[in-house]
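S.K.: Below you will find the structure I want to go over with you.
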Amino acid sequence: MKLKSTMVAALSVAGIGAALPAQAELDASIGVASEYVFRGLASGSPQVWGGLDYSHRSGAYGGVWVSNTSAFGLDSDGDGQVDSVADGNEEVDFYAGWGNGLVDLGAIYYAYPSQPSQGGSSITEIYAGTAIGPFTGYLWYAPAGVDGPDDDEYLYVDLNVDTPLTDSTSLGWHVGYVEPLGDAYEVRASLPESDPNFVKNADDGRFDFGVSLNIQDYFLALTYLEGSGGGFSTIVGYSWALPVE
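Residue numbers (mature numbering (1 follows the signal peptide of the UniProt record, and there is no 0)): -24 to -1, 1 to 221.
Put into structure tokens, the structure is as follows:
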């Protein structure tokens, strides 16, 4: 998945500033990383992922992205149990949208099949983004009650800057902020509930920051999530584009 894999690798969102394809395109990719870190949340485990993307010359696109994951996520009902995002062994994301090189509009559905079939097994976000030169900005909104009665509502905003160094090397800069809009928004970063850094009743928003060095298909990234349960994470990885007939 271009959208998700680029956020993981380059800490920015792919493609909205690019020219539309002359014809329909189908792309596939796989990758590995030393750790899955998403919006500053660290899973504590190595990552293997793969994605399949379809883009049409009209600007419409869609795809699927699959990755292993580990316990981290949101406690939407405040009972001390992570039940809104990931507490399973795999993540499957489906997304669709439309972009014209300046704006990007779409929705993404995060599914965690190994979780029990309850409110915590999935989450849906709708998003809007724009690109001006090297700057890319996105707004992500998770409506309450879409994936279950206990789902919480939140807003995530991020700004990314891509700085080319050579034809094959670039620096990516990222800052993001999540704002809880519901009754409870709890973050756990691969920690047991007995850990003193386990975050409970974290109703306040928090920032995350990142910088990445991208050399062709290799990347090295440093991220930071503020607040209890956060901290620094370092990720190294590699991605492959696969031939698709």
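C-beta atoms are modelled at their ideal positions from N, C-alpha and C, and glycine is treated no differently. Every value quoted in this text rests on a predicted model; they were computed, and no experiment measured them.
(1) Smallest Cα separation from Ser98: which of Pro22, Asp69, Tyr114 and Tyr37?
(2) Excluding the five sequence neighbours on either side, which residues of its own chain have a C-beta within less than 7 Å of the C-beta of Ala36, listed in chain order?
(3) Count the other CB atoms within 10 Å of the CB of Ser90; is the residue buried (16 or more) or exposed (fewer)?
(4) Relative to the C-alpha of Arg33, which residue among Gly77, Leu201 and Ala107 is closest?
(5) Tell me where the beta strand (DSSP E) around residue 222 begins and ends.
(6) List the whole-angstrom C-beta distance separating Trp149 from Thr142, where the pair is believed to meet the contact cut-off of C-beta under 8 Å.
(7) In the structure shown, what three-state DSSP assignment does Ser34 receive?
(8) Hey, could you find the ends of the beta strand (DSSP E) Tyr117 is sitting in?
(9) Which of the three DSSP states, helix, strand or coil, is assigned to Gln94?
(10) Compute the distance between the beta-carbons of Gly16 and Val42, then report whether it is under 7 Å.
(11) Do Tyr117 and Leu131 have their C-beta atoms within less than 7 Å of each other?
M.R.: Let's see:
(1) Asp69
(2) Trp74
(3) exposed
(4) Gly77
(5) Because the chain here runs from -24 to 221, residue 222 falls outside it and cannot be looked at.
(6) At roughly 17 Å, the Cβ-Cβ gap does not stay under 8 Å, so Trp149 and Thr142 are not in contact.
(7) coil
(8) Phe111 to Ala118
(9) Residue placement at Gln94 is flagged as unreliable, the pLDDT there being 45, under the threshold of 50; the coordinate-derived value follows with that caveat. It is coil, neither helix nor strand.
(10) The answer is no: Cβ separation not under 7 Å.
(11) Cβ distance < 7 Å, so Tyr117 and Leu131 count as in contact.
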